[in-house]
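Undergrad:
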Amino acid sequence: MEGIKSIEMITSISKLRAMEESGNYVFHGSPDFIDKFTPQQATTMVSGEEVNDGRPAIFASAELDVPIFRSIFHESKLKNKAGDFTIGFTLESDGEPYLHAGKNAVDALKHNIGSVYVFRRDSFTEHRPGE
């Protein structure tokens, strides 16, 4: 992640889609402004139990939809809200992301805004195929 030359605010989805289509970039979505990226521990559900998923890392996706979704629908924004919320994403067997948010989550988070950070793809290594 060394060598960041500049930060640019991109407000055009068409520009982000063009960057996605180029294959030269990866994207990280967050509901919060991130001043400095540090490795974080990912988790996943296995048999109903949350377990660590690989080593701590800075996670990004070559597909734009998941980071956009994660920037708005994020568990951290539901912690102080009452109700039963369902949100998440998984990779289907064909490698396509499945994004889901229940009605309560959509109602609670529909006014949220988030950020999608763009990085050069050659600064990252693939965790698993499609990730």
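Take -6 as the starting number for the sequence shown in this note's numbering and just add one per residue.
Note that CB positions come from ideal geometry on N, CA and C, so glycine has one too.
Does the Cβ of residue 49 have 16 or more other Cβ atoms within 10 Å, making it buried, or fewer, making it exposed?
TA: Taking the first residue of the sequence shown as 1, we reach residue 49 at position 56. Exposed is the call here.
Undergrad: Pick out the complete alpha helix (DSSP H) segments inside the stretch 6 to 90, 4 residues or longer, and give them in chain order.
TA: Fully enclosed alpha helix (DSSP H) runs of 4 or longer: 6 to 15 and 58 to 65.
Undergrad: Taking 8 Å as the cut-off, does the stretch 2 to 13 touch the stretch 27 to 46 (at least 3 CB pairs, one atom from each stretch)?
TA: Contact fails: fewer than three Cβ-Cβ distances are below 8 Å.
Undergrad: In whole angstroms, what separates the C-alpha of residue 22 from that of residue 31?
TA: Walking along the sequence shown from the start, residue 22 turns up at place 29. Walking along the sequence shown from the start, residue 31 turns up at place 38. Rounded to the nearest angstrom, the two C-alpha atoms are 14 Å apart.
Undergrad: Counting C-beta neighbours from all protein chains within 10 Å, is the total for residue 19 16 or more, i.e. buried, or is it exposed?
TA: Within the sequence shown, the letter at position 26 stands for residue 19. So residue 19 ends up on the buried side.
Undergrad: What does residue 99 pair with, by DSSP beta-bridge criteria?
TA: Here residue 99 corresponds to residue number 106 of the sequence shown, with the count starting at 1. Paired residue(s): none; residue 99 is not in a bridge.
Undergrad: Please name the residue, chosen from 54, 98 and 9, that lies closest to residue 89 on a Cα-to-Cα basis.
TA: Here residue 89 refers to the residue found at position 96 when the sequence shown is read from its first residue. Per the Cα distances, 54.
Undergrad: In terms of alpha-carbon separation, which member of 100, 106 and 40 lies closest to residue 74?
TA: To locate residue 74, count along the sequence shown from 1; it is residue 81. Ranking the options by Cα distance to residue 74, first place goes to 100.
Undergrad: Can you give the Cα-Cα distance for residue 51 and residue 33, rounded to whole angstroms?
TA: Your numbering for residue 51 matches position 58 in the sequence shown. Your numbering for residue 33 matches position 40 in the sequence shown. Rounded to whole angstroms, residue 51 to residue 33 spans 6 Å at the Cα level.
Undergrad: Cα separation between residue 16 and residue 115?
TA: Residue 16 sits at position 23 when you count from the first residue of the sequence shown. Residue 115 sits at position 122 when you count from the first residue of the sequence shown. Cα-Cα distance, rounded: 10 Å.
Undergrad: At which residues does the beta strand (DSSP E) containing residue 113 begin and terminate?
TA: Counting from one through the sequence shown, the residue named residue 113 turns up at place 120. Note, residue 113: beta strand (DSSP E), 108 to 113.
Undergrad: Are residue 27 and residue 91 close, meaning C-beta to C-beta below 8 Å?
TA: Position 34 of the sequence shown, counting from 1, holds the residue named residue 27. Position 98 of the sequence shown, counting from 1, holds the residue named residue 91. Contact: no.
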